[in-house]
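Enquirer:
There are 2 protein chains.
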Amino acid sequence: MNEKLKLENQLCFPLYACAKEIVRRYTPLLEPLGLTYTQYIAMMVMWEHKSISVRDMGKLLFLDSGTLTPMLKKMEKAGWISRKRSEEDERMVMVSITAEGEKLHDRAEAIPSKMAGCVALEGDEALQIYTLLHKLMKSF
Amino acid sequence: MNEKLKLENQLCFPLYACAKEIVRRYTPLLEPLGLTYTQYIAMMVMWEHKSISVRDMGKLLFLDSGTLTPMLKKMEKAGWISRKRSEEDERMVMVSITAEGEKLHDRAEAIPSKMAGCVALEGDEALQIYTLLHKLMKSF
DNA sequence: TACAATTAGATTGTATACAACCTAAACTTT
DNA sequence: AAAGTTTAGGTTGTATACAATCTAATTGTA
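For the protein sequence lines, the chains are A and B, in the order given.
No gaps in the numbering here: position 7 of the first sequence is 7 in my numbering, and each next residue is one more.
Just add 1000 to wherever you are in the second sequence, counting from 1, and you've got my numbering.
Set out below in structure tokens:
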């Protein structure tokens, strides 16, 4: 059997499995805030940018409108953001953070340090993997 | 703003983004074979094990029955595998590869080397990330 | 040996993901 | 300015993922 078609020799598979598992571990921490993981990273964009087009958010998160549009509608309904078509360019929809959305930031403060405890890597290794993944991500 | 809640300071995010992007790049290579990425890794298990329980496949792939059951039914319909409840332990369902499933192996042979060209890492870096991700995966 | 606890899959419900396609708006080019 | 092209979002359809729950089979135990 072709060794290259063995699961243990894949580079993509551990990437896929680790990503899923870590997202899964975020879930109980995000659940009290009412956020899913994807909504959480969308809120990170909002906390930092306050107002941004769907297009630019998609570029930051590597997500397209097929994923973002329904999710942003849910987040609008939850009261964390508002959506409004831009007046300068009517093709664009601007997403803006609300006061409720800002409040979530305080409640999310404890999450990063809690998650750090879930990752079984020494500090040095975490930095290595961070560096390598960023290099890979920038090549996309 | 809390620096720890910035997207660029997350470890999980590049993991999530890289995994999605690499799976996305597999898609056109797998499409002629009629496989999705998840079906492809399931076939890897089948090519190696020939016959395995749903439970054990789930442990190898980090997937549960909620994902596997519907997918394996599709793969059975496609003719690559067969599903049969075990006679020794009627709780278990054994999945076995068919002749059609074995044929797919030949057609998949070219995929790993094609994918290698999609990853913008030097040989050394690919090994590093492989090692770190496996360490992380084993801690689950 | 009854009976409680565990286990394996299946099912249901919710939430992504993304390709493919559609519409409207903005931009290019002639 | 009219026609063709590109762009931004929205919609549809398909395929995961996974929590929660259910059923049937098996195992552990008093």
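The beta-carbon is built from N, C-alpha and C at its ideal position, and this holds for glycine as well.
Computed from a predicted model, the values in this text were never measured in an experiment.
Determine, using beta carbons only, whether residue 1012/B and residue 111/A come nearer to each other than 8 Å.
Expert: Contact flag unset, no.
Enquirer: Could you work out which residues of chain B lie near residue 119/A, taking near to mean beta carbons separated by less than 9 Å?
Expert: Those are 1011, 1012, 1136 and 1139, listed as they occur along chain B.
Enquirer: Is there a Cβ of chain B sitting closer than 8 Å to that of residue 102/A, yes or no?
Expert: False, the Cβ-Cβ gap to chain B never drops below 8 Å.
Enquirer: Less than 7 Å separating the Cβ of residue 1078/B from some heavy atom of the ligand FAD?
Expert: The ligand FAD is absent from the structure shown, which contains no ligand whatsoever.
Enquirer: Looking at chain B, which residues of the stretch 20–32 of chain A have a Cβ within less than 8 Å of any of its Cβ atoms?
Expert: Correct list: 20, 21, 22, 23 and 26.
Enquirer: Taking the beta carbon of residue 34/A as the centre, do at least 16 other beta carbons fall within 10 Å, making it buried, or is it exposed?
Expert: Exposed.
Enquirer: For residue 1001/B, count neighbouring C-beta atoms within 10 Å of its own C-beta (all shown protein chains included) and say buried if the count is 16 or more, exposed if not.
Expert: Exposed, because fewer than 16 other Cβ atoms sit within 10 Å of the Cβ of residue 1001/B.
Enquirer: Can you give me the C-alpha to C-alpha distance between residue 1025/B and residue 1081/B, rounded to a whole angstrom?
Expert: Going from the Cα of residue 1025/B to the Cα of residue 1081/B covers about 25 Å.
Enquirer: For residue 1101/B, count the other beta carbons within 10 Å of its own beta carbon; 16 or more makes it buried, fewer makes it exposed. Which is it?
Expert: Result: buried.
Enquirer: Answer with yes or no whether the minimum CB distance from residue 1133/B to chain A is below 8 Å.
Expert: So, interface residue.
Enquirer: Threshold first: 4 residues or longer. Then list the alpha helix (DSSP H) segments lying entirely within the stretch 1025–1082 of chain B, N to C.
Expert: If we require 4 residues or more, the alpha helix (DSSP H) runs fully inside the stretch 1025–1082 of chain B come out as 1037–1049, 1054–1061 and 1065–1078.
Enquirer: Using 8 Å for Cβ pairs, my map puts residue 51/A next to residue 93/A. What's the rounded Cβ distance?
Expert: Not confirmed; about 11 Å, so no contact.
Enquirer: For the candidate residues 10/A, 73/A and 61/A, whose alpha-carbon lies nearest to that of residue 42/A?
Expert: Nearest C-alpha to residue 42/A: 61/A.
Enquirer: Is the beta carbon of residue 54/A sitting closer than 8 Å to the one on residue 1136/B?
Expert: Taking 8 Å as the Cβ cut-off, residue 54/A and residue 1136/B do not qualify as a contacting pair.
Enquirer: Residues of chain B with a CB under 7 Å from the CB of residue 47/A: which are they?
Expert: Result: 1001 and 1005.
Enquirer: Can you check whether the C-beta of residue 75/A is within less than 8 Å of a C-beta belonging to chain B?
Expert: Not an interface residue.
Enquirer: Quick check on residue 1015/B - is its C-beta less than 8 Å from some C-beta in chain A?
Expert: Yes, contact with chain A.
Enquirer: For residue 1128/B, which residues in chain A fall below 9 Å Cβ to Cβ?
Expert: Per Cβ cutoff of 9 Å: 128, 129 and 132.
Enquirer: Nearest CA to the CA of residue 141/A: which residue from 37/A, 75/A, 49/A and 72/A?
Expert: Residue 141/A is absent from the structure shown; chain A starts at 1 and stops at 140.
Enquirer: Give the straight-line distance between the Cα atoms of residue 131/A and residue 1017/B, rounded to the nearest whole angstrom.
Expert: Rounded to the nearest angstrom, the two C-alpha atoms are 14 Å apart.
Enquirer: In this structure, how does DSSP classify residue 115/A when only helix, strand and coil are distinguished?
Expert: Note: residue 115/A maps to helix in three-state DSSP.
Enquirer: With distances taken Cα to Cα, identify the nearest neighbour of residue 1030/B among 1106/B, 1073/B and 1085/B.
Expert: That would be 1106/B, whose Cα lies nearest to the Cα of residue 1030/B.
Enquirer: Which two residues bound the contiguous alpha helix (DSSP H) that contains residue 1137/B?
Expert: Note, residue 1137/B: alpha helix (DSSP H), 1123–1138.
Enquirer: Return helix, strand or coil for residue 1107/B, following the three-state DSSP convention.
Expert: Residue 1107/B falls in the helix class under three-state DSSP.
Enquirer: Using the rule of at least 16 other Cβ atoms within 10 Å of the residue's Cβ for burial, across every protein chain shown, is residue 1014/B buried or exposed?
Expert: With 16 or more other Cβ atoms within 10 Å, it is buried.
Enquirer: Which residues in chain B sit within 7 Å of residue 41/A, going by Cβ to Cβ distance?
Expert: Within chain B, the residues near residue 41/A are 1007 and 1013.
Enquirer: Can you give me the start and stop residues for the beta strand (DSSP E) that residue 1086/B sits inside?
Expert: Neither: residue 1086/B is in no beta strand (DSSP E) and is coded neither H nor E.
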